[in-house]
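Take any residue in the sequence shown, count from 1 to its spot, add 279: that is its number in my numbering. Positions of the beta carbon are idealized from the N, C-alpha and C atoms, including for glycine. Okay, structure first, notes after.
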Amino acid sequence: MEIRTVGVVGLGTMGAGIAQVSVQSGHETIGRDVSDEVNERARGTIERYLSRAVEKERMSAADKDAALARLSLTTSLDDLADCDLVIEAIVEELAPKQEMFAELERICRPDAILATNTSALSVSKIAEATKRPERVIGMHFFNPAPVLALVEIVRAEQSSDEAVDDAYRWAERAGKQPVGCNDTPGFIVNRILIPLLNDCVRVLDEARVSPEDLDKAMTNGAGWPMGPCALVDLVGIDIHVHASEALHAALGEERMAPPERLVQMQREGKLGRKSGEGFFSY
Ligand code: 3HC
Numbered sequence: 280m281e282i283r284t285v286g287v288v289g290l291g292t293m294g295a296g297i298a299q300v301s302v303q304s305g306h307e308t309i310g311r312d313v314s315d316e317v318n319e320r321a322r323g324t325i326e327r328y329l330s331r332a333v334e335k336e337r338m339s340a341a342d343k344d345a346a347l348a349r350l351s352l353t354t355s356l357d358d359l360a361d362c363d364l365v366i367e368a369i370v371e372e373l374a375p376k377q378e379m380f381a382e383l384e385r386i387c388r389p390d391a392i393l394a395t396n397t398s399a400l401s402v403s404k405i406a407e408a409t410k411r412p413e414r415v416i417g418m419h420f421f422n423p424a425p426v427l428a429l430v431e432i433v434r435a436e437q438s439s440d441e442a443v444d445d446a447y448r449w450a451e452r453a454g455k456q457p458v459g460c461n462d463t464p465g466f467i468v469n470r471i472l473i474p475l476l477n478d479c480v481r482v483l484d485e486a487r488v489s490p491e492d493l494d495k496a497m498t499n500g501a502g503w504p505m506g507p508c509a510l511v512d513l514v515g516i517d518i519h520v521h522a523s524e525a526l527h528a529a530l531g532e533e534r535m536a537p538p539e540r541l542v543q544m545q546r547e548g549k550l551g552r553k554s555g556e557g558f559f560s561y
């Protein structure tokens with residue numbers, strides 16, 4: 280099946296970024312979140328980044344207008360009924376995701392591909408909530424989704440070859456660098472990155488360094504494009520804590536448990552860039 284119309288459920292940082300990737304690559308895209316306010320914020324973010332691309336002469340003004348015209352926003356899941364592919368990017372918790380997939384299965388066409396952008400939850404468990412687990416896969420994008428090329432195409436226990444291949448081809452057409460993998464905890468990148476970032480946060484207290492100095496160390500000493508504290512702020516403290524908890528629950532390694540410092544930041548509402556305060560202020 281050639282994927283033409285894409286639905287994106289959940290228009291936070293990741294959902295808005297994925298919707299941008301989709302409209303920019305010529306796909307009719309329907310974004311759905313629970314309120315007009317969230318929807319309009321996502322449209323504003325997408326418009327801002329597309330305008331920036333026009334300013335930098337990476338895109339023409341006409342292409343920007345055409346991309347924005349391909350984006351429609353709704354608060355009703357029913358409006359996703361005709362989508363070929365729906366990518367879910369809601370809260371990183373299993374129960375709400377399972378409920379969402381059961382609902383999407385009821386609404387969407389039987390041949391639609393239902394993909395989750397989960398960071399570290401089991402795609403197979405999410406698929407269990409449906410009667411068509413062969414249509415369920417993972418499509419894991421990286422923050423910022425319009426900038427980072429990787430998309431992990433995750434094959435769950437019952438995913439069909441057709442669903443996996445169609446999603447892989449769509450990601451290529453969308454200008455991404457897809458990589459296929461099995462549904463193991465953390466897939467490829469997060470299996471490695473999450474415990475590494477947890478180690479970085481623990482080093483703050485163990486070696487008594489400031490977030491500024493830790494970031495200075497890792498950008499200058501390891502060639503990272505941004506420091507670990509800036510990166511956790513970008514990803515979101517809450518997202519990182521959820522992913523750590525999921526990996527720890529699945530693999531049981533102590534390094535995978537979220538460091539107390541991050542759990543405390545989450546409790547205080549210091550969620551990183553999106554809340555204006557994390558390791559740094561924004
Ligand atoms: N949408 C669209 N464009 C964006 C963007 C966004 N959300 N954020 C940044 N950009 C654009 C900027 O506009 C800029 O374009 P310009 O050249 O026209 O100004 C370009 O990207 C580069 O941005 P900056 O100049 O601000 O800064 P940098 O050159 O330092 O790049 C970065 C920023 C791309 C974030 C780079 O530092 C980087 O790649 N960092 C690592 C990020 C990373 O590792 N992400 C993965 C996190 S793990 C994850 O997401 C998985 C999840 O499951 C936890």
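Got a sec: does the ligand 3HC put a non-hydrogen atom nearer than 8 Å to the Cβ of residue i?
i       : result
Leu-267 : Since the first residue shown for the chain is 280 and the last is 561, residue 267 is missing from the structure and cannot be characterised.
Ala-298 : no
Could you check whether residue j and residue i sit closer than 9 Å to each other, using their CB atoms as the reference points?
i       : j       : result
Gly-296 : Asn-422 : yes
Leu-400 : Pro-474 : no
Val-468 : His-419 : yes
Asp-462 : Ala-435 : yes
Ile-405 : Ile-282 : no
Lys-343 : Ala-360 : no
Leu-493 : Pro-504 : no
Asn-318 : Leu-364 : no
Val-288 : Asp-315 : no
Any idea if residue i is buried or exposed, counting beta-carbon neighbours within 10 angstroms, 16 or more meaning buried?
i       : result
Met-379 : buried
Gln-456 : exposed
Ala-428 : exposed
Ile-471 : exposed
Glu-431 : buried
Gly-500 : exposed
Consider the Cβ of residue i: report whether some Cβ of chain B lies at a distance smaller than 9 Å.
i       : result
Ala-346 : The chain inventory of the structure shown lacks chain B, comprising one protein chain alone.
Under a three-way DSSP split, which group does residue i fall into?
i       : result
Thr-463 : coil
Val-458 : strand
Met-418 : strand
Glu-547 : coil
Glu-252 : An answer regarding residue 252 cannot be provided, because it is not within the stretch 280 to 561 covered by the chain.
Val-488 : coil
Val-443 : helix
Gly-506 : coil
Original post:
Residues with a Cβ closer than 6 Å to any heavy atom of the ligand 3HC, in chain order?
Top reply: These are the residues, in chain order, with a beta carbon less than 6 Å from any non-hydrogen atom of the ligand 3HC: Gly-296, Tyr-328, Arg-331, Lys-335, Ser-398, Phe-421, Asn-422, Pro-423, Pro-425, Val-426, Leu-427, Asn-469, Leu-472, Pro-504, Met-505, Leu-510, Val-514, Ile-518, Ala-522.
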